[in-house]
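Undergrad:
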Amino acid sequence: MSSDIVLMPRNAKYISYAGKNPISWTSKYGSVTTFGYHAGVADGMNEKGLVANLLYLAESEYACDQQAQDLSIIQWTQFSLDMFATVAEAVGFFSTEQINIVTGILPNGRAATMHLALSDSSGDSAIFEYVSGKLCIHHNRKYTVMTNSPIFEEQQSLCRYWSNINGMTFLPGSISAADRFVRTSFFLNAIPRTVDHNYITALPNQSYHQQALASVLGVIRSAGVPLGIQDPDKPNISSTLWRTVSDQHNMVYYFDSATRPSIFWVDIKKIDFTTLNSLMILPGVQSNNIYGGETSHLFEKTEYPSATQIENLMKFVV
Numbered sequence: 000m001s002s003d004i005v006l007m008p009r010n011a012k013y014i015s016y017a018g019k020n021p022i023s024w025t026s027k028y029g030s031v032t033t034f035g036y037h038a039g040v041a042d043g044m045n046e047k048g049l050v051a052n053l054l055y056l057a058e059s060e061y062a063c064d065q066q067a068q069d070l071s072i073i074q075w076t077q078f079s080l081d082m083f084a085t086v087a088e089a090v091g092f093f094s095t096e097q098i099n100i101v102t103g104i105l106p107n108g109r110a111a112t113m114h115l116a117l118s119d120s121s122g123d124s125a126i127f128e129y130v131s132g133k134l135c136i137h138h139n140r141k142y143t144v145m146t147n148s149p150i151f152e153e154q155q156s157l158c159r160y161w162s163n164i165n166g167m168t169f170l171p172g173s174i175s176a177a178d179r180f181v182r183t184s185f186f187l188n189a190i191p192r193t194v195d196h197n198y199i200t201a202l203p204n205q206s207y208h209q210q211a212l213a214s215v216l217g218v219i220r221s222a223g224v225p226l227g228i229q230d231p232d233k234p235n236i237s238s239t240l241w242r243t244v245s246d247q248h249n250m251v252y253y254f255d256s257a258t259r260p261s262i263f264w265v266d267i268k269k270i271d272f273t274t275l276n277s278l279m280i281l282p283g284v285q286s287n288n289i290y291g292g293e294t295s296h297l298f299e300k301t302e303y304p305s306a307t308q309i310e311n312l313m314k315f316v317v
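Take 0 as the starting number for the sequence shown in numbering that gives the first Met the number 0 and just add one per residue.
Okay, structure coming up:
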C-alpha cells in the first residue's frame with residue numbers, strides 16, 4: 000500500500016465519493032494524516048488531539064438504509080478528524096445520525112472491510128465496528144488496543160483469558176491478529192509509567208516523554224508483521240508497512256516506515272491552520288525520499304483526490 004503524509008486544512012468542503020445520497024461536510028479542524036493508496040485517510044491526528052486509526056476487519060458487514068446519508072469507507076477516518084474534537088462528540092454523532100458506510104474493493108483486490116478506533120487528549124477511547132449490519136460502539140477509556148480480527152467483543156474475551164497467565168513467562172507469539180492483540184495489551188500495561196533509571200540517561204534530554212515514546216514504539220513494533228510475510232487469503236495477516244505514534248499531549252505525530260531506516264515526525268504546533276488553505280503532502284515517504292527528525296517545513300502543495308481518480312482506483316459496492 001503506497002502511503003503519503005498529508006496535511007488537511009480547516010474549512011474545506013468535501014462530499015462522499017460513493018453512495019446514492021452522499022454526505023457533504025466542511026472540515027472544522029486541520030489534521031496531519033496518513034493516506035493509503037493515494038486515496039483516503041487511514042490514520043491521523045487533528046489539531047484538537049483527536050486520533051483516528053482505521054484497520055481491516057474481515058467480519059464487517061454494512062447495512063444500507065435508503066433514508067440515510069452515504070459516506071465512503073475511505074473517507075470515514077477523514078470525516079471523523081475533520082468534524083470532531085473529542086471521542087464523545089464522535090460517539091454522539093454516529094449514535095444518533097443515520098450514516099451508511101459504503102464499502103468497495105481496494106486497489107489490491109481486497110474488500111474494504113474496516114473498523115475505526117478513536118482516542119482524544121483526555122484519554123477517552125472508542126472503537127466503531129459494523130457487525131451483522133449494525134454499528135457497535137465500544138466506548139471506554141480502558142479500550143486502548145485494537146488489532147484486526149476477531150470483532151472487538153471477542154478480542155476482549157481473549158484478553159481476559161490471557162490475563163490469568165503470567166505474560167513475563169509466556170505470551171502468544173504468532174502473527175495472527177488475536178495473538179498480536181494479547182501481546183500488545185500485556186506490554187502496554189507492563190511498560191513503566193515513571194522514569195526508569197536504568198535507561199533514562201540514554202534518552203534525549205533524559206526526559207520521561209522520550210522514554211514513554213521509546214516504550215510505546217517498542218510495543219507497537221512487537222505487534223508488527225515482518226516485510227514479506229502475508230497470507231493473500233487473509234487480509235488481516237499481511238506485512239506491517241508503517242507504524243505511527245500520536246503524542247496527544249505535545250501534539251506530535253510520529254511515522255515509522257517499515258521500508259526506511261529512520262523515524263520522522265510532524266510537530267503539529269508548527270502548522271498554522273489559520274492560513275493553511277490547501278492540502279500539503281510530504282513527498283515520497285515510501286518511494287523516493289528518506290526523512291528524519293521534524294518535517295513540518297518540508298510539505299508541498301497537493302490536490303485532494305478527484306472522484307475520477309478514486310473511480311480508477313477502487314470499485315464501490317452500493
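Glycine is no exception: its CB is placed at the ideal position from the N, C-alpha and C atoms.
By Cβ distance below 7 Å, which residues in the same chain neighbour GLU310 in space, the five residues on each side in sequence not counted?
TA: Around GLU310: no qualifying Cβ.
Undergrad: So, with DSSP's three-state summary, where would you put VAL101?
TA: Correct three-state label for VAL101: strand.
Undergrad: Assuming ALA17 and SER71 make a contact with CB atoms under 8 Å, what is their CB distance in whole Å?
TA: ALA17 to SER71, Cβ: 4 Å. Contact.
Undergrad: Out of HIS114, TYR142, LEU115 and GLU46, point me to the one whose CA is closest to SER156's CA.
TA: The residue with the shortest Cα to Cα distance from SER156 is TYR142.
Undergrad: In chain order, what residues of the same chain have a beta carbon less than 7 Å from the beta carbon of TYR129, not counting five sequence neighbours either side?
TA: The answer, listed in chain order, is SER59, GLU60, TYR61 and ILE100.
Undergrad: Check this for me: beta carbons of VAL144 and LEU117, under 9 Å apart or not?
TA: No, the pair does not count as a contact, with Cβ atoms beyond the cut-off.
Undergrad: Roughly how many angstroms separate the alpha carbons of ASP271 and LEU6, rounded to a whole number?
TA: Rounded to whole angstroms, ASP271 to LEU6 spans 11 Å at the Cα level.
Undergrad: What did DSSP end up calling GLY227 once you bin it into helix, strand or coil?
TA: Looking at GLY227 - three-state DSSP - the assignment turns out to be coil, as it is neither helix nor strand.
Undergrad: Mind checking who LYS233 pairs with in its DSSP beta bridge?
TA: Answer is ASP230, bridged to LYS233.
Undergrad: Beta carbon of HIS208, beta carbon of PHE151: below 9 Å?
TA: No.
Undergrad: Measuring alpha carbon to alpha carbon, tell me which of THR32, TYR303, ASP266 and ASN287 ends up nearest HIS296.
TA: When each option's Cα is compared against that of HIS296, the closest is ASP266.
Undergrad: Can you give the Cα-Cα distance for ILE73 and HIS37, rounded to whole angstroms?
TA: If you take the alpha carbons of ILE73 and HIS37, they lie about 11 Å apart.
Undergrad: How long is the line joining the alpha carbons of TRP75 and THR102, rounded to whole angstroms?
TA: Going from the Cα of TRP75 to the Cα of THR102 covers about 10 Å.
Undergrad: Going by DSSP, what residue range makes up the beta strand (DSSP E) through LEU6?
TA: Here the beta strand (DSSP E) through LEU6 covers 2-7.
Undergrad: In chain order, which alpha helix (DSSP H) runs of at least 4 residues are fully inside the stretch 164-202?
TA: Within the stretch 164-202, the complete alpha helix (DSSP H) runs of at least 4 residues are 176-189.
Undergrad: Taking the straight line between their C-alpha atoms, what separation do you get for ASN288 and TYR13?
TA: Taking the straight line from one Cα to the other gives about 30 Å.
Undergrad: So for SER245, helix, strand or coil by DSSP?
TA: Here SER245 sits in strand by DSSP.
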